Ligand SMILES: Nc1ncnc2c1ncn2[C@@H]1O[C@H](COP(=O)(O)OP(=O)(O)OP(=O)(O)O)[C@@H](O)[C@H]1O
Ligand SMILES: [Mg+2]
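Chains as they are written, first to last, in our numbering: chain A, 9 to 265; chain B, 312 to 694.
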C-alpha cells in the first residue's frame with residue numbers, strides 16, 4: 009500500500025474484538041484528502057464495525073486512529089467537538105431521530121453549531137433536500153412516514169447539513185432505485201469537486217465503485233487485503249476479488265466478459 | 312465609490328459602481344462557518360442595491376464556497392432579479408458552477424407554512440381526548456375478545472399453548488418481582504401498624520390495631536399495592552416490548568408468517584401476569600402482616616402470641632378470599648391495558664414513551680375503578 013502524502017484518516021494496526029472473535033485484526037488504512045474511497049468486502053466482514061471504530065463508537069483493543077491529524081483517543085472534549093463539526097455520517101440504517109420531522113432532523117446539527125435565522129435554515133434545508141433528490145413537500149413528515157430510500161436520502165441530507173469536509177457513508181445506495189443511485193453517485197462527485205469533500209463509502213454497488221470511487225479498499229480476514237484503483241482491483245489475482253469484479257454482476261456492469 | 316462590508320478573515324461583499332449599474336464583488340470564504348455573517352452581508356446588500364437597475368454579482372474573488380454560500384449568492388441573485396432589474400453572476404469558476412447549478416433548482420415558494428397557535432387548538436384537543444376515551448374502551452373490549460378467542464384456541468388445541476414463553480414471562484414478572492414487592496409491603500405493614508397504634512392508644516384500644524391491619528391488608532392493601540407495583544414494573548415493560556416490536560415491523564413479520572400476535576405475544580404474557588399477581592399478593596399480604604406484627608410487638612407492646620390470637624378472632628377466611636379473588640382480575644386489567652397500548656405505538660420513539668406512560672396511568676386507574684366495583688359487589692353479597 010502506498011503512503012499517502014496527506015491522509016485525512018490514518019488507521020494503524022487496529023484490532024477490534026467482540027467476545028472471542030476478532031472482527032478487525034491489525035488493520036491499516038489511509039484515506040487521502042479529497043478522494044472518494046470505496047470500501048468493499050463480504051457481508052459481516054466488519055466494514056460497519058471499522059466505520060464505527062473510526063468515528064469512536066466502538067472501542068478498539070489496540071492500534072491508533074487519526075482523523076484530520078488528531079488522535080481522537082488523546083483529544084480533549086473541545087478538540088473532539090471540533091472534529092465532529094467537520095464530519096458527517098450516514099448510518100447503514102439511517103438513524104434519523106424518529107420523533108423529529110425531516111425539517112428538524114436536518115436542522116438539528118445546524119442549530120447546534122450556527123446561529124442562523126429560521127428563514128435561512130429552512131432554505132438551506134430545502135436546498136439539501138433538493139440536492140439529495142427529494143421533493144420539498146416531505147419536509148414536515150416524520151421518518152416513519154417515509155419510504156426506505158427516502159430515509160436514506162434524508163439521512164444523507166442530515167450528514168451533509170453542515171457541509172462537512174469528510175463524510176462516512178455506510179451503504180448509501182442500497183435501497184435506492186438504479187436511477188436514484190446513479191444521481192447519488194453524481195451528487196457525491198459534484199460535492200467532492202466543489203467542496204473538496206473526502207468520502208469514505210462502504211458499498212456493495214459495483215456501479216458506484218466504477219463511477220464514483222477514486223480508490224477502492226477491500227476488507228477480508230480483519231485486514232485491508234487490497235487497495236487501489238478499479239483497474240488494480242480487476243487485475244488482482246485474489247480469489248475473492250476475482251469473483252467480485254469478474255462475476256456475473258460485474259460483467260453486466262462493465263459490459264465485457 | 313467603494314464601500315466595503317468586510318469581516319476579518321471571513322467573507323466580504325464589495326459594492327462597486329460600474330457605469331449605469333452596480334457590481335457586487337464577493338470574496339473570501341463563503342462557507343457554513345461564516346453563515347451568520349454572510350446572511351447579514353446579503354441582507355444589507357439587498358437593501359442598498361434594491362434601487363439600482365442592472366446589478367451584477369462578481370464571484371471571482373471567492374476563495375471557498377459551499378452550499379450555504381452558494382445558496383446565499385443564489386438568493387441575492389433572485390432577490391435582485393425581481394421587479395424588472397437584471398442580475399447576473401459572473402466570474403464563476405467551473406468547479407463552483409455545478410454547485411450553484413444544484414442550488415438553482417431550489418424553489419423558494421415551496422416553503423410550507425407552519426401552523427400557528429390559536430384558541431381552537433386546546434378546545435379541539437379536549438374534544439379529541441374525550442373521543443379517544445371511548446376509543447380506548449372499545450380497544451380494551453376488543454382486545455379482551457381477541458384474548459378470549461386465543462384462550463379458546465388453546466382449549467381446543469392444547470399443543471398450541473406456548474409454555475416456554477409463558478414460563479419466561481412468569482420468571483420476569485413474578486420471581487424477579489418478589490424481593491421488591493415483599494420489601495415494600497413489609498414497610499407499608501410497619502407504617503400502618505405504627506399509625507394505628509399511635510392513634511388507637513388515645514382510646515386505650517391498642518390491640519384493635521390487629522383487626523385493622525388484618526382486614527386492611529388482606530382485603531385491600533395487599534392487592535392494591537401489588538397491582539400498582541406490577542402496573543409500573545411489568546405493565547410498562549410489556550408496553551415497551553410490544554411497542555418497540557411494532558416500531559420495527561416485527562409484529563407485521565410475525566403476522567405474515569402466519570402467526571397470530573395474540574397467540575404468540577399476548578396470551579403468554581397475560582397468563583404469566585394472571586398467575587403472578589395472586590402469588591405476589593399472597594406474599595405481599597404475609598410480608599405486610601409480618602411487618603405490622605413486628606411493629607405491634609416492638610412499638611405497641613403486643614407480643615406475637617397475643618397478636619396471633621387476636622388476628623385469628625379478627626379475620627375470617629372471607630377477607631383473604633376477597634383479596635385473592637380480586638388479584639387475577641387486576642392482573643388481567645393491567646395486562647390488557649399494557650398490550651393495547653403496546654400495539655398502539657406508532658413509528659417514533661416519542662410515541663413509545665407516550666404509550667408506556669399511558670399504559671401505567673390507565674392501568675392504575677382501571678385497577679382502582681375495579682377495586683371500587685368489587686367493594687360494592689362484596690358489600691352487596693354481604694362479605
Ligand atoms: N456489537 C456487536 N457485538 C458483537 N458482534 C458484533 C457487533 N457488531 C458487529 N458484530 C459482528 O462483527 C462482524 C462485522 O459486522 P459488520 O456490521 O461490520 O459487517 P459489515 O461488513 O458491515 O457487513 P454488511 O455488508 O452486511 O453491512 C459481524 O460478524 C457481526 O456479527
Ligand atoms: Mg454494514
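Each residue gets a CB set at the ideal place from its N, CA and C atoms; glycine is no exception.
Since the structure is predicted, the reported quantities are computational estimates derived from the model, not experimental observations.
Cross-strand partners of residue i (DSSP beta bridge)
{"i": "residue 47/A", "result": "210/A, 225/A"}
{"i": "residue 371/B", "result": "BP columns for residue 371/B are empty, so no partner."}
{"i": "residue 15/A", "result": "40/A"}
{"i": "residue 116/A", "result": "Looking at the DSSP assignment, residue 116/A forms no beta bridge with any residue, so it has no partner."}
{"i": "residue 97/A", "result": "176/A"}
{"i": "residue 234/A", "result": "226/A"}
{"i": "residue 25/A", "result": "30/A"}
{"i": "residue 399/B", "result": "367/B"}
{"i": "residue 333/B", "result": "328/B, 366/B"}
{"i": "residue 376/B", "result": "341/B"}
{"i": "residue 539/B", "result": "Answer by DSSP bridge pairing: none, since residue 539/B is not bridged."}
{"i": "residue 448/B", "result": "In the DSSP output, where bridge partners are listed per residue, residue 448/B has none listed."}
{"i": "residue 78/A", "result": "75/A"}
{"i": "residue 323/B", "result": "338/B"}
{"i": "residue 20/A", "result": "72/A"}
{"i": "residue 35/A", "result": "22/A"}
Extent of the continuous alpha helix (DSSP H) run through residue i
{"i": "residue 567/B", "result": "561 to 567"}
{"i": "residue 60/A", "result": "55 to 63"}
{"i": "residue 662/B", "result": "660 to 692"}
{"i": "residue 495/B", "result": "489 to 511"}
{"i": "residue 648/B", "result": "628 to 654"}
{"i": "residue 486/B", "result": "Note, residue 486/B: premise wrong, no alpha helix (DSSP H); not H, not E."}
{"i": "residue 414/B", "result": "405 to 415"}
{"i": "residue 136/A", "result": "126 to 139"}
{"i": "residue 549/B", "result": "547 to 558"}
{"i": "residue 591/B", "result": "578 to 609"}
{"i": "residue 67/A", "result": "Looking at the DSSP string, residue 67/A is not in any alpha helix (DSSP H), and its letter there is neither H nor E."}
{"i": "residue 203/A", "result": "186 to 203"}
{"i": "residue 526/B", "result": "520 to 526"}
{"i": "residue 617/B", "result": "615 to 625"}
{"i": "residue 250/A", "result": "247 to 254"}
Start-to-end residues for the beta strand (DSSP E) that takes in residue i
{"i": "residue 155/A", "result": "That residue, residue 155/A, is in no beta strand (DSSP E); it is neither H nor E in DSSP."}
{"i": "residue 74/A", "result": "70 to 75"}
{"i": "residue 471/B", "result": "Looking at the DSSP string, residue 471/B is not in any beta strand (DSSP E), and its letter there is neither H nor E."}
{"i": "residue 175/A", "result": "174 to 178"}
Cross-chain neighbours of residue i in chain A, by beta carbon under 8 Å
{"i": "residue 658/B", "result": "106, 150, 151, 152, 153"}
{"i": "residue 661/B", "result": "106, 107"}
{"i": "residue 370/B", "result": "What residue 370/B touches in chain A: nothing, since even the nearest Cβ is about 13 Å away."}
{"i": "residue 483/B", "result": "Those within 8 Å of residue 483/B in chain A number zero; the least Cβ separation is about 25 Å."}
Cross-chain neighbours of residue i in chain B, by beta carbon under 8 Å
{"i": "residue 201/A", "result": "406, 409"}
Partners in chain B for residue i, counting only beta-carbon separations shorter than 9 Å
{"i": "residue 177/A", "result": "Those do not exist, as residue 177/A stays about 17 Å from chain B at its closest Cβ, beyond 9 Å."}
Proximal chain A residues relative to residue i, where beta-carbon distance stays under 7 Å
{"i": "residue 379/B", "result": "132, 171"}
{"i": "residue 478/B", "result": "Within 7 Å Cβ-Cβ: nothing; residue 478/B doesn't reach chain A, min ~27 Å."}
{"i": "residue 413/B", "result": "139, 198"}
{"i": "residue 358/B", "result": "Here the premise fails: no neighbours, minimum Cβ distance about 15 Å."}
{"i": "residue 416/B", "result": "138"}
Interface flag, residue i vs chain E, CB-CB below 8 Å
{"i": "residue 382/B", "result": "No chain E is present in this structure, whose protein chains are A and B."}
Contacts of residue i in chain A (Cβ-Cβ under 9 Å)
{"i": "residue 386/B", "result": "128, 131"}
*asked:* What are the residues in the region 329 to 355 of chain B lying within 7 Å of chain A by C-beta distance?
replied: Taking 7 Å as the Cβ-Cβ cut-off against chain A, the residues of the region 329 to 355 of chain B that qualify are 342, 343, 346, 347, 350.
*Members of the region 564 to 585 of chain B that neighbour chain A once the beta carbon cut-off is set at 8 Å*: Answer set for the region 564 to 585 of chain B: empty.
*What residues from the region 122 to 149 of chain A come within 8 Å of chain B, judged by C-beta to C-beta, listed N to C?*
Of all residues in the region 122 to 149 of chain A, only 122, 123, 124, 125, 128, 130, 131, 132, 134, 135, 136, 138, 139, 144, 145, 147, 148 come within less than 8 Å of chain B when Cβ atoms are compared, listed by chain position.
*Taking Cβ-Cβ distances below 7 Å as the criterion, which residues of the region 195 to 227 of chain A are in contact with chain B?*
If the cut-off is 7 Å between Cβ atoms, the region 195 to 227 of chain A has 198, 201, 202, 203 near chain B.
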